[in-house]
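Comments concern the structure below.
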Amino acid sequence: MKVITIGKKLVPVEQVAFVEPFDPAANPEFKPEKDYKGRIVMLNRDIVLTEQTPQEFAADDLSP
């Protein structure tokens, strides 16, 4: 099982449902300290924000 580190979380790759762009303008009340560019949705519907774009995430973390 391959595990990736996202921030302080360890996430099994098998649990990632999909990765999509994160749009902070969609929720103006949410003011993150970091510049999040991607949103990882897990099979159990948990969400993890990442500073990588979906393309960067796929190239860095999911390649064999």
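Quick note on the working numbering: the sequence shown kicks off at 1 and runs consecutively.
Note that CB positions come from ideal geometry on N, CA and C, so glycine has one too.
Within its own chain, the residues whose Cβ lies closer than 6 Å to the Cβ of Leu43, once the five positions on either side in sequence are excluded, are Gln15 and Ala17, listed in chain order. Our two residues, Lys31 and Pro24, have alpha carbons roughly 8 Å apart in a direct line.
Around Lys34, the same chain offers Glu51 as residues with beta carbons nearer than 7 Å, after the five sequence neighbours per side are excluded. By the neighbour-count criterion, in which 16 or more other beta carbons inside 10 Å mark a residue as buried, Ile47 falls on the exposed side. Around the Cβ of Gly7, a 10 Å sphere holds fewer than 16 other Cβ atoms; the residue is exposed.
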